[in-house]
Structures are given as C-alpha cells and as structure tokens.
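Undergrad: One structure coming up, written as structure tokens, with questions to follow.
Residue numbers (my numbering): 10 to 390.
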C-alpha cells in the first residue's frame, strides 16, 4: 500500500467513525425512548434497561454502517476535490481506477466488519437478548410487585401493595378481581407472599378479608381468613424461552436447513435460504455504496462551490440500489431457487461504480492522447 493509499484510507476511516457514531446515537436514542418506557414501566431497574439497550446495539450498527460508508466516501471525496488534492493526483497521471484503490480498501474494511456483525455478533446478541427477555418476564417481583402504586396486570385486575419488606414480604395488600360480569371480588390482607408453584405462581395472603359483591341480586358476601391462596397463573406468564427466530440461528443452519430447523423456525426453506445468503451478500453493500459515492463525485469537474449535482446523483443511485435489494430479497423469499437474487444489489452497485469510473477517465484519455495522423498537416496550414 503506497503512502497515497494510506493517506486516503485514513481520511475515509476517520470520517466513517464520526458518521457511524452520530448515526448510531441518533438511531439508538430513537429506539431507546420507547424501550425505556416499556422496561421502566414494568418495574425494571435502569441497569436492566442499559443491558437490553446494549444487546440491541449490534443490530443498530449493522443497519448504520453501509450508510456511514457512503457518507464518508462522499464527504471525503468532495473535500479532497475542493482542496485540489484529487486534481493534482489526476494531473500526475493517476487514472480513476487507480484513485479508487484506497476506496476499495476502505469498502472491504467495512465489509469485513459487517460480515462479523451479520454472521457472529448479531445472532449471538439476539440469542442472549431473547433469553434475557424471557428471564425478565419470569421475574414476578419486577413485573408486578411495585409498592405504593396501583398496578393493572390485566383487564379487570387492580393490585396495590403499600410496602415490600427486605425479605420479600408484602404488607397491606389490596386486590380487586372484576373480570366476571356477574360479580366483583375484593381481597385485602395485612401480609402476603408471592411464591412460585409447580405450574403457576401463587399469591398467599394472611390475616385478610374477601368481599364478593353479586351484581345480579346485589348481595355482598364477606369472608375473613387467616390465610388464602390466590392463583396468579392467568395474570402472569411463566416467561418460557420462545422458539428461535431466523436472526438467532447460525448462518450454517440457514444455508443448510434440516427438517428440525424448519419446524423450529416455522418458516419456509426459501425464507431460510434467503436470510442465510443475505448474511453473505449484504455486507458487500458497504463496498458498493462507498464506490458509488466516490465514482459519482469523480465525474464532476473541479468547483469551489462543491459537487452538489454529483452528490444528489449518488444519493439517487443509492436509492435505486436499495430498491433492487428490497425487490431481490422479497423475490428470494418466495422460492428456494431464487436465492441468487440476494446478490443482485451488491453486484449492481459495484458494476455501476466501475462504469462511472470508466466514464470519469475517458476525458483524460482523450486529453492525453498524442497528436493525430494529420496533425502535421494542420500545423503547416
């Protein structure tokens, strides 16, 4: 790698890191707002929110990196053109394809990052996230037991606890069951314990009273009890780990699906093949986007006012490549024989880039061409 290649690659990587950080923060904050309300609203701590947020970050980074690569390529090329650095290199004899060599290095670096994300980091993080979510769902104290607040775990149920002791004992419990249309039952107890039964969780109340009001005949029945067991199975799920989604499966399982994998995922063979090949093809979109951004700006002439027309054209080409990517992915989901369409968008993006690079150096070729066969005659004339 020459000094020029290292210099240009360092410029791309520096801007790539900046744009990636900004886009990841924007995207993550947008998603974290809803996640915060959901987790904190269910009684979880801020540490749980931080843990779940970190587990969702790999998927966010996977989405952001191709866009960051495109933005870094466009911004760096535009700045180097305005400063005249690329113009000087072209004047020394560098062709468009030679100038694009550090861009290819840069695109391959981002592609390698995405390969690791798609095939290793994201599936692992999704697996841990699914298991952690199921564990949190099974945490009854965090989901239901919040002292000093009226909770509504399901329609028709109101639950209140004045205080939860350090040992887990519930004090001054109030529970109203209004799910039946013909009656309404209210339980009050001085103390209570939440225990996990053989099948379903149970609430054991001590020294309390049950008041059942019949709406049909408008009669109130009052029962005092020393201890009473209330079944919470209909209110709180046990938090079982669900079947794995396609994002949690390994790439080998998707590319070579067995009958067991098909039964577990409840998806078609075409869907598994499309997702598996997408993990190989999608990372190369970073190479395609960075080359598109660089080649499109290389078409423009030197201007102190920037290359806005070329930038807009590069964005349009990026949108076209993404539309082809969406169409190819959708078609691959329909038939197990259509998985090669997943590779269409990266190949199209790289092909468009090479065509633009070829067009960008054609004027230089004509300008550097030697005098024609009749040049001496024109000089004499």
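Note that the Cβ used here is the ideal one computed from N, Cα and C, for glycine as well.
Bear in mind the structure is a predicted one, so any value in this text is a computation, not a measurement.
Would you decide whether residue 394 is buried or exposed? Buried here means 16 or more other CB atoms lie within 10 Å of its CB.
TA: Since the first residue of the chain shown is 10 and the last is 390, residue 394 is not available in this structure.
Undergrad: On the premise that residue 212 lies in contact with residue 193, defined as a C-beta separation below 8 Å, what is that separation, rounded to the nearest angstrom?
TA: Against the chain shown, residue 193 aligns to sequence position 184. Against the chain shown, residue 212 aligns to sequence position 203. Their Cβ separation, rounded to whole angstroms, is 18 Å, which puts residue 193 and residue 212 out of contact at 8 Å.
Undergrad: Take residue 161 and list the residues in its own chain whose beta-carbon comes closer than 8 Å to its own, dropping the five residues that flank it on each side.
TA: As a position in the chain shown, residue 161 is number 152, starting the count at 1. Counting only Cβ-Cβ distances below 8 Å, and skipping sequence neighbours, we find 167, 168.
Undergrad: So what's residue 10 in DSSP terms, helix, strand or just coil?
TA: Translated into positions along the chain shown, residue 10 becomes position 1. In the structure shown, residue 10 sits in coil (DSSP, three-state: anything other than H, G, I, E or B).
Undergrad: Looking at the C-beta of residue 225, does it have a partner C-beta in chain D at a distance below 7 Å?
TA: No chain D is present in this structure, which holds just one protein chain.
Undergrad: Whose C-beta lies closer than 7 Å to the C-beta of residue 198 among residues of the same chain, with five residues either side of it excluded?
TA: By 1-based counting over the chain shown, the position of residue 198 is 189. Answer for residue 198: 182, 214, 215, 216, 217, listed in chain order.
Undergrad: Have a look at 188, 125, 366 and flag the residue whose alpha-carbon is nearest the alpha-carbon of residue 305.
TA: Taking the chain shown and counting its residues from 1, the one referred to as residue 305 is at position 296. Per the Cα distances, 366.
Undergrad: Would you mind stating whether residue 33 and residue 73 have Cβ atoms separated by less than 7 Å?
TA: Taking the chain shown and counting its residues from 1, the one referred to as residue 33 is at position 24. Taking the chain shown and counting its residues from 1, the one referred to as residue 73 is at position 64. Cβ atoms of residue 33 and residue 73: closer than 7 Å.
Undergrad: State buried or exposed for residue 115, treating a residue as buried only when at least 16 other CB atoms are found within 10 Å of its CB.
TA: As a working note, residue 115 is residue 106 in the chain shown. With 16 or more Cβ atoms within 10 Å of its Cβ, residue 115 is classed as buried.
Undergrad: Among 296, 292, 163, 41, which residue has its Cα nearest to the Cα of residue 125?
TA: Counting from one through the chain shown, the residue named residue 125 turns up at place 116. Among 296, 292, 163, 41, the Cα nearest to that of residue 125 belongs to 292.
Undergrad: CB residue 290 to CB residue 352, shorter than 7 Å?
TA: Translated into the one-based positions of the chain shown, residue 290 becomes position 281. Translated into the one-based positions of the chain shown, residue 352 becomes position 343. Their beta carbons are under 7 Å apart, which means residue 290 touches residue 352 by this criterion.
Undergrad: Name the DSSP beta bridge partners of residue 204, please?
TA: The sequence position of residue 204 within the chain shown is 195, counting from 1. The partner list for residue 204 (beta bridge, DSSP) reads 211.
Undergrad: Quick check: residue 196 and residue 184, are their CB atoms within less than 7 Å of each other?
TA: As a working mapping, residue 196 is identified with position 187 in the chain shown. As a working mapping, residue 184 is identified with position 175 in the chain shown. Against a cut-off of 7 Å, the Cβ pair of residue 184 and residue 196 comes out as a contact.
Undergrad: Assuming residue 369 and residue 80 form a contact by the criterion Cβ under 8 Å, report the distance between their Cβ atoms to the nearest whole angstrom.
TA: Counted from its first residue, the chain shown places residue 369 at position 360. Counted from its first residue, the chain shown places residue 80 at position 71. At roughly 21 Å, the Cβ-Cβ gap does not stay under 8 Å, so residue 369 and residue 80 are not in contact.
Undergrad: Using the rule of at least 16 other Cβ atoms within 10 Å of the residue's Cβ for burial, across every protein chain shown, is residue 325 buried or exposed?
TA: Locating residue 325 in the chain shown gives position 316, where the first residue counts as 1. Exposed, by the Cβ-count rule.
Undergrad: In its own chain, which residues sit with a C-beta less than 8 Å from the C-beta of residue 40, not counting the 5 before and 5 after it?
TA: One-based indexing of the chain shown puts residue 40 at position 31. Closer than 8 Å at the Cβ level, and outside the excluded window around residue 40, lie 65, 69.
Undergrad: Counting only runs that start and end within the segment 91 to 179, where is the alpha helix (DSSP H) found for 4 or more residues in a row?
TA: 94 to 100, 105 to 108, 110 to 125, 131 to 146, 149 to 152
Undergrad: Can you grab the Cα-Cα spacing for the pair residue 91 / residue 316, in whole Å?
TA: For the purposes of this step, residue 91 is taken as the residue at position 82 of the chain shown. For the purposes of this step, residue 316 is taken as the residue at position 307 of the chain shown. Near 9 Å, if we compare the C-alpha coordinates of residue 316 and residue 91.
Undergrad: Please report the distance separating the alpha-carbon of residue 128 from that of residue 358.
TA: Here residue 128 is taken as the residue at index 119 of the chain shown, counted from 1. Here residue 358 is taken as the residue at index 349 of the chain shown, counted from 1. Roughly 22 Å between the two C-alpha positions.
Undergrad: Nearest-angstrom Cα distance between residue 342 and residue 210?
TA: Counting from 1 along the chain shown, the entry for residue 342 is found at position 333. Counting from 1 along the chain shown, the entry for residue 210 is found at position 201. Approximately 42 Å, taken between the alpha carbons.
Undergrad: Determine the extent of the beta strand (DSSP E) in which residue 271 is found, giving its start and end residues.
TA: Numbered from its first residue, the chain shown carries residue 271 at position 262. No beta strand (DSSP E) contains residue 271, which is instead part of the alpha helix (DSSP H) from 268 to 274.
Undergrad: Would you mind sorting residue 249 into buried or exposed? The rule is 16 or more other CB atoms within 10 Å of its CB.
TA: By one-based count along the chain shown, residue 249 stands at place 240. Below a pLDDT of 50, predicted positions are generally treated as unreliable, and residue 249, at 49, falls in that range; no measurement from the model is reported.
Undergrad: Rounding to the nearest angstrom, what Cα-Cα distance links residue 78 and residue 96 in this structure?
TA: Along the chain shown, one-based indexing puts residue 78 at 69. Along the chain shown, one-based indexing puts residue 96 at 87. Cα to Cα, residue 78 sits roughly 23 Å from residue 96.
Undergrad: Residue 131 and residue 67 look like a contact to me (Cβ under 8 Å); what is the Cβ gap, rounded to whole Å?
TA: To locate residue 131, count along the chain shown from 1; it is residue 122. To locate residue 67, count along the chain shown from 1; it is residue 58. Indeed they touch by this definition, with Cβ atoms about 5 Å apart.
Undergrad: How would you call residue 191, buried or exposed, if buried means at least 16 neighbouring beta carbons within 10 angstroms?
TA: Sequence index remark: in the chain shown, residue 191 carries index 182 (1-based). That one is exposed.
Undergrad: Need the endpoints of the beta strand (DSSP E) that residue 224 sits in, please.
TA: For this step, residue 224 is matched to residue 215 along the chain shown. Here residue 224 belongs to no beta strand (DSSP E), and DSSP marks it neither H nor E.
Undergrad: Do the segment 279 to 289 and the segment 329 to 343 meet, that is, are 3 or more Cβ pairs less than 8 Å apart?
TA: yes
Undergrad: When the Cα atoms are used, what is the spatial distance from residue 142 to residue 56?
TA: Taking the first residue of the chain shown as 1, we reach residue 142 at position 133. Taking the first residue of the chain shown as 1, we reach residue 56 at position 47. Straight-line Cα distance between these residues: approximately 14 Å.
Undergrad: Cα separation between residue 15 and residue 110?
TA: Counting from 1 along the chain shown, the entry for residue 15 is found at position 6. Counting from 1 along the chain shown, the entry for residue 110 is found at position 101. The straight-line gap from Cα to Cα measures roughly 10 Å.
Undergrad: Out of 59, 62, 107, 120, which one is the CA nearest neighbour of residue 75?
TA: For the purposes of this step, residue 75 is identified with residue 66 of the chain shown, where counting begins at 1. For residue 75, the nearest C-alpha among the options comes from 120.
Undergrad: According to the Cβ coordinates, are residue 275 and residue 345 closer than 7 Å?
TA: Indexing the chain shown from 1 puts residue 275 at position 266. Indexing the chain shown from 1 puts residue 345 at position 336. Contact: no.
Undergrad: Would you report the Cα separation of residue 165 and residue 159, rounded to the nearest angstrom?
TA: Start at 1 with the first residue of the chain shown, and residue 165 comes out as number 156. Start at 1 with the first residue of the chain shown, and residue 159 comes out as number 150. One C-alpha to the other measures close to 13 Å.
Undergrad: Going by the CB atoms, is the gap between residue 135 and residue 257 shorter than 7 Å?
TA: What you label residue 257 is simply residue 248 of the chain shown in a count that begins at 1. What you label residue 135 is simply residue 126 of the chain shown in a count that begins at 1. Result yes, Cβ atoms of residue 257 and residue 135 sit closer than 7 Å.
Undergrad: Just the C-alpha distance for residue 356 and residue 260, rounded to the nearest angstrom, thanks.
TA: Looking up residue 356 in the chain shown gives position 347. Looking up residue 260 in the chain shown gives position 251. So the alpha carbons of these two residues sit roughly 21 Å apart.
Undergrad: Where does residue 21 sit, in a helix, a strand or coil, going by DSSP?
TA: The residue labelled residue 21 in the question sits at position 12 within the chain shown. Correct three-state label for residue 21: helix.
Undergrad: Using only the alpha-carbon positions, how far apart do residue 388 and residue 371 sit?
TA: For the purposes of this step, residue 388 is identified with residue 379 of the chain shown, where counting begins at 1. For the purposes of this step, residue 371 is identified with residue 362 of the chain shown, where counting begins at 1. Here the model assigns residue 388 a pLDDT of 37, short of 50, so the residue's position is not dependable, and the following value carries that caveat. The alpha-carbon atoms of residue 388 and residue 371 are separated by roughly 26 Å.
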